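For the sequence shown, the positions run 31 to 297 when our numbering is used. Heads up, the beta-carbon is just placed ideally off N, CA and C, and yes, glycines get one too. As the structure is a computational prediction, the values presented were derived from the model and not from experiment. For reference, the structure is listed below as structure tokens.
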Amino acid sequence: MNSLNQKIFRTLMMNDSPSSTAHPLDFNSFSAQAQQKRVTKTGTTIVGIKSEHGVILCADTRATSGPFVVDKACFKLHRISDDIYCAGAGTAADTDRVTSYASSMVRIFETKYSRKAPVKYVISVISKHLFQYQGAVSAALIVAGRYKSTYHLYSIAPDGTVNPGFYLSMGSGSLAAVSVLEARYRAGMSMHEIKELGACAVKAGIMNDLYSGSNVDCVVIDGTGTNVVRNFLKVAGTMTGKRIAYALDSVKVKKEEVFEIVEEVFE
Numbered sequence: 031m032n033s034l035n036q037k038i039f040r041t042l043m044m045n046d047s048p049s050s051t052a053h054p055l056d057f058n059s060f061s062a063q064a065q066q067k068r069v070t071k072t073g074t075t076i077v078g079i080k081s082e083h084g085v086i087l088c089a090d091t092r093a094t095s096g097p098f099v100v101d102k103a104c105f106k107l108h109r110i111s112d113d114i115y116c117a118g119a120g121t122a123a124d125t126d127r128v129t130s131y132a133s134s135m136v137r138i139f140e141t142k143y144s145r146k147a148p149v150k151y152v153i154s155v156i157s158k159h160l161f162q163y164q165g166a167v168s169a170a171l172i173v174a175g176r177y178k179s180t181y182h183l184y185s186i187a188p189d190g191t192v193n194p195g196f197y198l199s200m201g202s203g204s205l206a207a208v209s210v211l212e213a214r215y216r217a218g219m220s221m222h223e224i225k226e227l228g229a230c231a232v233k234a235g236i237m238n239d240l241y242s243g244s245n246v247d248c249v250v251i252d253g254t255g256t257n258v259v260r261n262f263l264k265v266a267g268t269m270t271g272k273r274i275a276y277a278l279d280s281v282k283v284k285k286e287e288v289f290e291i292v293e294e295v296f297e
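Listed below in structure tokens is the structure:
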């Protein structure tokens with residue numbers, strides 16, 4: 031046994047004592063911490079609004095990894111079927127996999143029974159799937175859809191909790207979005223009005239949450255069908271105004287030092 035192996039052996043033996051509380055060579059915990067830093071999260075502000083004429087979903091387009099913006103055009107409105115869509119917040123991979131699983135189950139249902147799947151069936155599939163993991167799957171979803179001329183809107187928490195509503199918001203920017211929805215929502219709004227309200231709510235989330243940003247995507251489900259609109263509202267644009275020109279004498283120079291620059295030439 032060489033000297034390096036002897037040192038590792040002594041370290042392991044010392045930490046096998048009952049008084050030891052932490053293992054210095056805990057590779058499993060190190061791997062988990064390293065993997066957590068690489069997780070891409072949508073951050074997100076997602077909004078859903080329902081009226082007697084239809085239902086809409088709106089979402090921002092920013093995806094982050096820690097303090098970094100990794101995607102400015104992340105599409106967070108997932109298709110479950112022609113008449114059912116889902117907006118996702120949380121970990122990007124989790125929302126993609128959960129909605130893909132729900133879409134697969136809907137196709138199996140429609141093939142088996144030769145009819146369209148109800149919205150409540152999709153809610154049941156997703157909530158049961160998330161409940162098994164007790165919140166370990168980071169997917170907060172808002173499901174909107176139409177079934178037999180009836181419009182549905184539900185939110186599903188990562189632990190599988192289901193809540194219906196006329197207007198819903200989830201994600202890190204939901205606090206600002208809900209304040210707009212509660213102040214401006216009223217019964218009997220037209221589809222144009224609820225679409226504008228949803229975009230304004232997401233904009234409020236973008237302006238007040240660092241993990242939400244870029245533009246607002248929207249999906250509209252009504253009697254005419256389903257319409258997906260990318261970049262319905264552009265919130266973060268490029269400033270085109272003139273730059274402020276400061277006079278050279280506007281800043282007083284109190285001290286000045288001059289350094290000689292030595293240039294080295296290599297042949």
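Can you have a look at residue i and say buried or exposed, based on whether 16 or more other CB atoms are within 10 angstroms of its CB?
i	result
His108	buried
Ala132	buried
Phe296	exposed
Arg92	buried
Tyr143	exposed
Tyr181	buried
Asp239	buried
Met43	Low local confidence applies: a pLDDT of 48 at Met43 is under 50, so the model's placement there is unreliable, and no value is given.
Ala206	buried
Ala147	buried
Leu278	exposed
Ile274	exposed
Thr125	buried
Val149	buried
Lys225	buried
Val283	exposed
Ala291	The sequence given here places Ile at residue 291; Ala does not occur at that position. Per the 10 Å Cβ criterion, exposed.
Lys106	buried
Val281	exposed
Less than 9 angstroms between the beta carbons of residue i and residue j, yes or no?
i	j	result
Ile86	Gly228	yes
Met200	Ala117	yes
Ser244	Gly235	no
Pro188	Ser168	yes
Ala213	Ile76	no
Val246	Ala89	yes
Gly175	Ile114	yes
Gly84	Ala119	no
Ala231	Val208	yes
Ser220	Ser81	yes
Leu160	Gly190	yes
Lys233	Val265	yes
Ile110	Val173	yes
Rounded to whole angstroms, how far is the Cβ of residue i from the Cβ of residue j, which I believe are closer than 8 angstroms?
i	j	result
Ser204	Asn193	Wrong, their Cβ atoms sit about 13 angstroms apart, outside the cutoff.
Asp112	Thr254	Going by Cβ atoms, the distance from Asp112 to Thr254 rounds to 13 angstroms, so no, they are not a contact pair.
Val136	Val152	6 angstroms
Leu263	Gly78	With a Cβ gap of about 16 angstroms, Leu263 and Gly78 do not count as contacting.
Which residue marks the beginning of the alpha helix (DSSP H) containing residue i, and which one marks its end?
i	result
Met135	122-143
Ser179	That residue, Ser179, is in no alpha helix (DSSP H); it is neither H nor E in DSSP.
Ser209	204-214
Cys230	221-238
Tyr151	149-163
Tell me the residue span of the beta strand (DSSP E) that contains residue i.
i	result
Arg109	107-111
Gly84	84-90
Asp251	Residue identity differs from the one stated: residue 251 is Ile in this sequence, not Asp. Per DSSP, Ile251 belongs to the beta strand (DSSP E) from 245-252.
Ile76	75-80
Pro194	192-194
Gly255	255-264
Leu278	No beta strand (DSSP E) holds Leu278; DSSP gives it neither H nor E.
Ser199	197-201
Val292	Per DSSP, Val292 belongs to no beta strand (DSSP E) and is neither H nor E.
Ser95	93-95
Val167	It is not in any beta strand (DSSP E) - Val167 carries neither H nor E in the DSSP assignment.
Phe98	98-101
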